[in-house]
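Asker: One structure is given below, represented as structure tokens, and several questions about it will come after.
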Ligand SMILES: [Zn+2]
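In the working numbering, the protein residues as written are 3 to 595.
Laid out in structure tokens, this is it:
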């Protein structure tokens with residue numbers, strides 16, 4: 003395949019005027035070092051869209067989109083990468099040269115193909131083991147007991163992992179795969195003694211596939227009570243990012259496109275049961291909340307997503323972010339409230355259950371209205387303190403809607419229930435809005451509660467805010483930054499943060515000059531970091547403080563994990579480490595002000 007040469011790509015990038023390109027879609031005006039305007043990707047009345055003319059990057063603090071000029075043209079004109087480059091080259095008079103493909107890219111593709119084959123082979127092994135082995139008898143009984151028939155189990159490739167420690171390891175090696183390869187796709191893991199063993203043992207296996215039906219990882223449900231975690235998933239690998247995948251999407255995609263709607267449930271067996279009951283637009287999120295990435299994956303396919311999951315239990319911050327992404331992509335998130343203590347799988351296998359479930363989906367209410375209802379339901383409106391608490395909780399939910407008619411409706415409802423003037427409720431939304439982005443916020447103050455803001459920065463978790471603040475400072479102060487980038491491990495960072503840190507390590511000089519064009523999320527985050535680095539103050543003290551706070555999070559996670567393993571000795575050691583760290587943080591906070 004003939005590719006655009008790196009040199010011509012570079013010339014196009016130098017020639018383009020990002021302010022001019024974007025000005026065709028929205029009015030921009032200069033504000034200090036950047037240009038700002040109303041976001042051309044989501045509806046808003048106050049500008050949260052920023053353009054950095056020097057770095058040639060854009061980022062919306064409202065809906066989170068971002069990237070370089072090529073990305074903007076891709077998104078706005080609905081073009082592929084190469085087409086967008088051609089359009090810009092034409093417009094700015096750059097002659098494009100083509101070249102043969104990099105042999106390394108070809109090698110990488112081949113390796114991916116090989117690992118894909120390994121995953122498919124292993125999935126097939128698990129499936130045959132479920133149906134043919136004596137050992138899997140209990141698993142077959144369990145699945146049958148949940149009302150799942152052979153047809154649907156076969157369609158989803160459900161399988162069983164033997165109790166032996168090395169079946170997958172040995173079979174993989176016999177088929178010519180290296181232990182490293184088996185480990186890189188998460189099929190085997192290294193034990194304390196250094197030996198490798200199968201990750202999944204004595205578990206019902208649910209292959210997790212992409213849209214095209216390729217297995218990327220597995221979910222395993224324990225069959226014995228002494229197995230520790232009830233569910234184990236493939237660890238995050240280059241192949242497998244659980245938060246990006248939707249269980250069953252390969253089999254649901256046609257029905258989803260036809261219905262113009264996706265029904266999102268929590269568990270593997272929920273998806274199976276619904277497909278068996280002919281609700282074929284059902285997919286699973288494999289967690290309690292739907293992620294931003296999953297919402298993004300569904301956008302373009304549907305304009306409505308019905309959540310038949312426990313929206314009450316799901317983290318409110320996570321839901322707010324999902325809502326924000328959905329709103330930015332003209333999608334509606336709705337909630338089908340399940341009766342307490344009943345999951346979709348149980349409902350649809352019962353007599354008349356499929357009809358009941360469909361009725362719930364048809365009657366689904368808007369997610370924001372649902373969340374507002376939840377808060378109001380829990381509020382004792384006779385107590386002024388309670389009413390105030392409710393307002394504090396509601397402000398970010400309502401502010402997340404932006405300046406829309408549905409927000410104004412909900413504001414009126416809230417005012418009525420809490421017996422307040424609508425103007426007062428509205429005032430709380432505006433008053434709670436922070437003046438500047440996440441990075442400038444004192445990291446020591448974050449108490450976990452989301453603040454009212456139409457800016458995405460304020461809806462991130464406090465850990466993500468710290469992570470972004472630190473990474474932006476690594477861009478602003480590359481010398482100190484390099485050191486922190488080596489100290490930061492996967493345990494400190496969110497999955498996106500891990501990829502951003504890796505990108506900054508690989509591109510220390512000029513992180514934004516060659517944004518990845520096959521990973522929108524990463525490209526958007528890098529654009530955001532570079533824009534923040536230009537705008538927000540950075541200092542060695544603030545970096546250290548942010549790092550220590552991330553370190554505290556890491557230790558807390560380790561302490562919790564040790565507790566779960568009943569490893570009291572490690573827990574005590576880690577707790578002492580945490581105490582020392584907390585003192586260092588207090589000192590750093592005094593220095594950093
Ligand atoms: Zn936007």
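We put the beta carbon where it would ideally sit given N, CA and C, even for glycine.
1. Which of helix, strand or coil does DSSP assign to residue 590?
2. For residue 11, which residues in the same chain have their Cβ closer than 6 Å to its Cβ, ignoring the five residues on either side in sequence?
3. When the Cα atoms are used, what is the spatial distance from residue 489 to residue 511?
4. Would you say the beta carbon of residue 374 is closer than 7 Å to some non-hydrogen atom of ligand 3?
5. Below 8 Å CB to CB, which residues in the same chain sit around residue 15 once its five sequence neighbours on both sides are set aside?
6. From residue 277 to residue 101, what does the alpha carbon distance come to, in whole angstroms?
7. Measure the C-alpha to C-alpha separation of residue 232 and residue 115 and round it to an integer number of angstroms.
8. Just the residues with CB closer than 6 Å to a heavy atom of ligand 1, in chain order, which are they?
9. Give me the DSSP bridge partner(s) of residue 163.
10. Looking at residue 242: is its Cβ nearer than 8 Å to the Cβ of residue 274?
11. Within a Cβ cutoff of 6 Å, which residues of the same chain sit near residue 320, ignoring the five residues on either side of it in sequence?
12. Within the continuous beta strand (DSSP E) that includes residue 334, where are the two ends?
13. Return the chain-ordered list of same chain residues with a C-beta closer than 6 Å to the C-beta of residue 535, the five sequence neighbours on each side being excluded.
14. For residue 180, count the other beta carbons within 10 Å of its own beta carbon; 16 or more makes it buried, fewer makes it exposed. Which is it?
15. If you drop the 5 nearest sequence neighbours on each side, which residues of the same chain put their C-beta closer than 8 Å to that of residue 97?
16. Starting from residue 61, follow the beta strand (DSSP E) in both directions and report where the run begins and ends.
17. Counting along the chain, where does the beta strand (DSSP E) carrying residue 222 start and finish?
18. On the DSSP letters alone, give me the boundaries of the alpha helix (DSSP H) that residue 531 sits inside.
19. Label residue 139 either buried or exposed according to how many other C-beta atoms from any shown protein chain fall within 10 Å of its C-beta, with 16 as the threshold for buried.
20. Distance check for residue 364 and residue 283, CA to CA, integer angstroms please.
21. Rank 468, 542, 529, 136 by C-alpha distance to the C-alpha of residue 554 and give the top, closest one.
22. Starting from residue 53, trace the beta strand (DSSP E) in both directions and tell me its first and last residue.
23. Can you give me the C-alpha to C-alpha distance between residue 427 and residue 568, rounded to a whole angstrom?
24. With H, G and I counted as helix, E and B as strand and the rest as coil, what does DSSP make of residue 228?
25. Just curious, the alpha helix (DSSP H) that residue 477 is in, first and last residue?
26. Give a yes or no on whether the C-beta atoms belonging to residue 420 and residue 389 are separated by under 8 Å.
27. What does the alpha-carbon distance come out to for the pair residue 589 and residue 120?
28. Helix, strand or coil for residue 264? Go by DSSP, reduced to three states.
29. With DSSP as the reference, label residue 94 as helix, strand or coil.
30. Ignoring anything shorter than 4 residues, give me the alpha helix (DSSP H) runs that lie fully in the segment 137-189, in order along the chain.
Answerer: With the given structure in hand:
1. Indexing the chain shown from 1 puts residue 590 at position 588. It is helical.
2. In the chain shown, counting from the first residue as 1, residue 11 sits at position 9. Around residue 11: no qualifying Cβ.
3. Along the chain shown, one-based indexing puts residue 489 at 487. Along the chain shown, one-based indexing puts residue 511 at 509. Cα-Cα distance, rounded: 18 Å.
4. Ligand 3 is absent from the structure shown, which contains only ligand 1.
5. Against the chain shown, residue 15 aligns to sequence position 13. Within the same chain, residue 15 has close Cβ partners 58, 70, 71, 72, 515.
6. Sequence index remark: in the chain shown, residue 277 carries index 275 (1-based). Sequence index remark: in the chain shown, residue 101 carries index 99 (1-based). In a straight line, the C-alpha of residue 277 is about 47 Å away from that of residue 101.
7. If you number the chain shown from 1, residue 232 lands on position 230. If you number the chain shown from 1, residue 115 lands on position 113. If I take the Cα positions, the gap works out to 31 Å.
8. 41, 43, 44, 51, 62, 64, 65, 67, 330
9. Residue numbering aside, residue 163 sits at position 161 when the chain shown is read from its first letter. DSSP, once it has assigned bridges, lists 205 as partnering residue 163.
10. Within the chain shown, residue 242 is the residue found at index 240, counting from 1. Within the chain shown, residue 274 is the residue found at index 272, counting from 1. The answer is no: Cβ separation not under 8 Å.
11. As a working mapping, residue 320 is identified with position 318 in the chain shown. 291.
12. In the chain shown, residue 334 corresponds to position 332, counting from 1. Note, residue 334: beta strand (DSSP E), 334-337.
13. On the chain shown, position 533 is the one that residue 535 refers to. Closer than 6 Å at Cβ, skipping near neighbours: 474, 477, 478.
14. What you label residue 180 is simply residue 178 of the chain shown in a count that begins at 1. With fewer than 16 Cβ atoms within 10 Å of its Cβ, residue 180 is classed as exposed.
15. Here the question's residue 97 lines up with position 95 in the chain shown. The answer, listed in chain order, is 10, 91.
16. Numbered from its first residue, the chain shown carries residue 61 at position 59. Segment 59-62, the beta strand (DSSP E) holding residue 61.
17. Counting from 1 along the chain shown, the entry for residue 222 is found at position 220. Taken as a continuous stretch (DSSP letters only), the beta strand (DSSP E) holding residue 222 covers 217-224.
18. One-based indexing of the chain shown puts residue 531 at position 529. Its alpha helix (DSSP H) spans residues 522-537.
19. The count along the chain shown starts at 1 and reaches residue 139 at position 137. It counts as exposed.
20. Counted from its first residue, the chain shown places residue 283 at position 281. Counted from its first residue, the chain shown places residue 364 at position 362. Going by the C-alpha atoms only, they are around 13 Å apart.
21. As a first step, residue 554 is located in the chain shown; it is residue number 552 there, counting from the start. Nearest option by C-alpha distance: 468.
22. As a first step, residue 53 is located in the chain shown; it is residue number 51 there, counting from the start. It spans 51-54 - the beta strand (DSSP E) in which residue 53 sits, taken as one unbroken run.
23. Counting from one through the chain shown, the residue named residue 427 turns up at place 425. Counting from one through the chain shown, the residue named residue 568 turns up at place 566. Roughly 48 Å separates the two Cα atoms.
24. Counting from one through the chain shown, the residue named residue 228 turns up at place 226. Residue 228 falls in the coil class under three-state DSSP.
25. Here residue 477 refers to the residue found at position 475 when the chain shown is read from its first residue. Here the alpha helix (DSSP H) through residue 477 covers 464-478.
26. The count along the chain shown starts at 1 and reaches residue 420 at position 418. The count along the chain shown starts at 1 and reaches residue 389 at position 387. A contact, by the Cβ cut-off of 8 Å.
27. Reading the chain shown from its first residue, position 587 is the one you call residue 589. Reading the chain shown from its first residue, position 118 is the one you call residue 120. Near 51 Å, if we compare the C-alpha coordinates of residue 120 and residue 589.
28. On the chain shown, residue 264 is found 262 positions in, with the first residue counted as 1. The answer is strand: DSSP assigns residue 264 an E or B state.
29. For the purposes of this step, residue 94 is taken as the residue at position 92 of the chain shown. Here residue 94 sits in coil by DSSP.
30. 139-147, 152-157, 169-176, 181-186
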